[in-house]
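Student: For the sequence shown, full-length UniProt numbering gives the first residue as 1, with consecutive numbering after it.
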Amino acid sequence: RAFVTNPAEVGSLSVSAAKQFVDRYYTSVQEGISLELACHYTEKAQKSVSVGNAHSVVTGYESIALQLASFRGATFTMRGVVAQDTPDGGAHLLVTGVMIPAEGAGLPSSFAHSVVLTPAFVEPGGDIALAIQINGGGKPFQIHNDAFALISPELPIAQPRPPPPTNAPFASPVQSSPAFTRPPGFN
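#1: Using the C-alpha atoms, what's the distance from S70 back to A91?
#2: Within this structure, are the beta carbons of A83 and A17 separated by less than 8 Å?
#3: Report the residue ranges of all beta strand (DSSP E) runs contained in full by the UniProt domain "NTF2" (17 to 150); include only those spanning at least 3 residues, in chain order.
#4: Could you check whether the segment 54 to 63 touches the segment 73 to 88, counting it as contact only if at least three pairs of C-beta atoms, one from each stretch, sit closer than 8 Å?
#5: Report all residues from its chain with a CB closer than 6 Å to the CB of K47; omit the five preceding and five following residues, and keep chain order.
#6: For Y41 and T166, I'd like the C-alpha separation in whole angstroms.
#7: Going straight from the alpha carbon of S114 to that of A74, what length do you get?
#8: Can you look up S152 in the DSSP assignment and give me helix, strand or coil?
#9: Within this structure, are the beta carbons of P108 and I100 separated by less than 8 Å?
#10: Taking only the alpha-carbon atoms, compute the straight-line gap between T5 and P162 and give it to the nearest angstrom.
#11: If you draw a straight line from the C-alpha of P140 to the C-alpha of A102, how long is it?
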């Protein structure tokens, strides 16, 4: 088995796909073109949004379009984009940044967005409009899974609690508590 050490020799879809995805996706969401954007998802795609402890997972073009529409008017500033090739010739993207909701809809929040892009196999004479075309490479792809998480700065981070003080001498490294009982033979 031959290994290629120079990624340029292989031709990575992920870098081109990441640029094309970022340019198209966030602009479409901001402009409210959710129905058109939803058409770029695979038939079995999942789209999820997490805000704090609330999570919403949807499937199907109409449900995905509704979830995308909830971000209409928001602006997105990217801080980082990581793109990796997948074994099927697609790409896994991790996009981080700040989302500023539409005017009056809330406070700016950091976000993390994980997206799996799969190659779109378009039959001769098929409709390539349902796939996002990579500029220059001629490789179309579709969005398969899409997980968007808003990271709320106002949520406190849980700190570990120190164990309660005891007056008993420390007899062993394991102490009994109401939630833990030592098995027979353990001292």
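The beta carbon of each residue, even a glycine, is placed where N, CA and C say it ideally should be. No experiment lies behind these values; they were computed from the predicted model shown.
Tutor: From the atom records:
#1: Taking the first residue of the sequence shown as 1, we reach residue 91 at position 91. Taking the first residue of the sequence shown as 1, we reach residue 70 at position 70. Spanning the two alpha carbons is a distance of roughly 26 Å.
#2: Taking the first residue of the sequence shown as position 1, residue 83 is located at position 83. Taking the first residue of the sequence shown as position 1, residue 17 is located at position 17. Contact flag set, yes.
#3: Qualifying beta strand (DSSP E) stretches, in chain order: 41 to 51, 54 to 59, 75 to 85, 91 to 100 and 109 to 119.
#4: Short answer: they don't touch.
#5: The residue you call residue 47 lines up with position 47 of the sequence shown. Close CB contacts of K47 within its chain, under the 6 Å cut and outside five residues either way in sequence, are with V58, I64, Q67 and D146 (chain order).
#6: Position 41 of the sequence shown, counted from the start, is the residue given in the question as residue 41. Position 166 of the sequence shown, counted from the start, is the residue given in the question as residue 166. The alpha-carbon atoms of Y41 and T166 are separated by roughly 58 Å.
#7: Against the sequence shown, residue 114 aligns to sequence position 114. Against the sequence shown, residue 74 aligns to sequence position 74. Each residue's Cα considered, the two are about 18 Å apart.
#8: Here the question's residue 152 lines up with position 152 in the sequence shown. The answer is coil: DSSP assigns S152 none of H, G, I, E or B.
#9: Within the sequence shown, the letter at position 108 stands for residue 108. Within the sequence shown, the letter at position 100 stands for residue 100. Closer than 8 Å, so yes.
#10: Within the sequence shown, numbered from 1, the residue matching residue 5 stands at position 5. Within the sequence shown, numbered from 1, the residue matching residue 162 stands at position 162. In this prediction, T5 has a pLDDT of 42, which is less than 50 and means its spatial position is unreliable; nothing more can be read from the coordinates.
#11: Position 140 of the sequence shown, counting from 1, holds the residue named residue 140. Position 102 of the sequence shown, counting from 1, holds the residue named residue 102. One C-alpha to the other measures close to 31 Å.
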